[in-house]
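Chemist:
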Amino acid sequence: MIIISLVSCKEDTVRLMGFPIEGIDVSHHQKDIQWDSLTDQNFSFVFMKATEGIEHKDTKFDFNWVEAKRIGMKRGAYHFYRPDVGAGQQAVNFIETVTLEEGDLPPVLDFEHKGFKSFESLEDYFKVKPIIYTNLNIYNDFIKAHFADYPLWIARYENGGYPISETKSPYIWQYGNRGRISGIDGHVDFNIFLGTQTDFEKLCYSSKHK
0 MIIISLVSCK EDTVRLMGFP IEGIDVSHHQ KDIQWDSLTD QNFSFVFMKA TEGIEHKDTK
60 FDFNWVEAKR IGMKRGAYHF YRPDVGAGQQ AVNFIETVTL EEGDLPPVLD FEHKGFKSFE
120 SLEDYFKVKP IIYTNLNIYN DFIKAHFADY PLWIARYENG GYPISETKSP YIWQYGNRGR
180 ISGIDGHVDF NIFLGTQTDF EKLCYSSKHK
């Protein structure tokens, strides 16, 4: 993901040690990922871009979605939300692109612009609360007061600390966007799930909820 309101680090992101549940997120920007190279690098999950707005589909989504499952990596898909077009149409774009299976992570709504409207149709279809991805500024200005009971994924690269402390819910912290790992040519985002393995499993999609 590209966080417009954050200044990306100029140096490569140093991978943090001592966290049991680590992950990455990818899109077409990572080009042709060598997925077999990821199997022994201790990443527990991967999110991948699926859609954006009302028509766009990431060109690498189908390949990445299948490959992540093939190597046994916990996978999730995200939608880049555009506040200037209809929320319902955006939900249809995601729903028509992504088929969730047992154990997949829930949908992610990527909010990088102020002024988002709603996403009830996505939640109604999948019968699971989507994860909200955003930066610290938008979280403080909009998310905290209205969506406190939704899973969070917060991008914060500066100061080397956890992005928020007032929430009691586990969430995902994206701490850098210039990581380097075997199998990906170029930079990749590094993430940590701040919770227990049980918390992590509770996030996952189940058709029993439908």
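When we follow numbering that gives the first Met the number 0, the leftmost residue of the sequence shown carries the number 0, and every step to the right adds one.
Here a beta-carbon is modelled for each residue, glycine too, at the ideal position from N, C-alpha and C.
Note that the structure is predicted; figures quoted are calculated from it, not measured.
How about residue 131 and residue 110: do their beta carbons lie closer than 8 Å?
Modeler: Their beta carbons are under 8 Å apart, which means residue 131 touches residue 110 by this criterion.
Chemist: When we look at the beta-carbon of residue 175 and count the other beta-carbons within 10 Å, is it buried (16 or more) or exposed?
Modeler: Its Cβ being crowded by 16 or more others within 10 Å, residue 175 is buried.
Chemist: Return the bridge partner residues of residue 192 from the DSSP annotation.
Modeler: Answer is 171, bridged to residue 192.
Chemist: Could you tell me whether the stretch 49-62 touches the stretch 80-97, where touching means 3 or more Cβ pairs closer than 8 Å?
Modeler: With a cut-off of 8 Å, the stretch 80-97 and the stretch 49-62 count as touching, because enough Cβ pairs lie within range.
Chemist: Any idea what DSSP makes of residue 41, helix, strand or coil?
Modeler: Coil.
Chemist: Can you check which of these residues, 74, 192, 92, is closest to residue 19 by C-alpha distance?
Modeler: Closest option to residue 19, Cα to Cα, is 192.
Chemist: Are the Cβ atoms of residue 185 and residue 29 separated by less than 8 Å?
Modeler: In contact: residue 185 and residue 29 (Cβ atoms closer than 8 Å).
Chemist: Whole angstroms is fine: what's the gap from residue 70's alpha carbon to residue 196's?
Modeler: Roughly 20 Å between the two C-alpha positions.
Chemist: Can you give me the start and stop residues for the beta strand (DSSP E) that residue 61 sits inside?
Modeler: No beta strand (DSSP E) contains residue 61, which is instead part of the alpha helix (DSSP H) from 60-69.
Chemist: Once DSSP output is grouped into helix, strand and coil, what is the label at residue 122?
Modeler: Looking at residue 122 - three-state DSSP - the assignment turns out to be helix.
Chemist: If you count every other CB in all the chains shown that lies within 10 Å of the CB of residue 168, and 16 or more means buried, which is it?
Modeler: By the neighbour-count rule (16 or more Cβ atoms within 10 Å), residue 168 is not buried but exposed.
Chemist: DSSP has residue 108 in a bridge; who is on the other side?
Modeler: Answer by DSSP bridge pairing, in chain order: 78, 131.
Chemist: Exposed or buried, residue 136, counting other C-beta atoms within 10 Å across all chains shown (16 or more means buried)?
Modeler: Its Cβ having fewer than 16 others within 10 Å, residue 136 is exposed.
Chemist: Over the uninterrupted beta strand (DSSP E) stretch that includes residue 254, give me the two end residues.
Modeler: Because residue 254 is not part of the residues shown, which for the chain are 0 to 209, the question remains open.
Chemist: Judging by CA-CA distance, which residue of 68, 177, 21, 17 is the nearest neighbour of residue 34?
Modeler: If we check each option's Cα against that of residue 34, 68 comes out closest.
Chemist: With DSSP as the reference, identify every bridge partner of residue 55, one or two as the case may be.
Modeler: In DSSP, residue 55 forms a bridge with 51.
Chemist: If I follow the unbroken alpha helix (DSSP H) through residue 154, where does it start and stop?
Modeler: Here residue 154 belongs to no alpha helix (DSSP H); instead the beta strand (DSSP E) covers 151-154.
Chemist: How close, in whole Å, do the beta carbons of residue 40 and residue 180 come, if the pair is a contact with beta carbons under 8 Å?
Modeler: Contact flag correct, Cβ pair sits at about 6 Å.
Chemist: Residues in the same chain with beta-carbon distance under 6 Å from residue 79, minus the five sequence neighbours each way, listed in chain order, please.
Modeler: Closer than 6 Å at the Cβ level, and outside the excluded window around residue 79, lie 51, 109.
Chemist: Residues in its own chain within less than 6 Å of residue 288 by CB, not counting five upstream and five downstream?
Modeler: As displayed, the chain neither begins before 0 nor continues past 209, which places residue 288 out of reach and without an answer.
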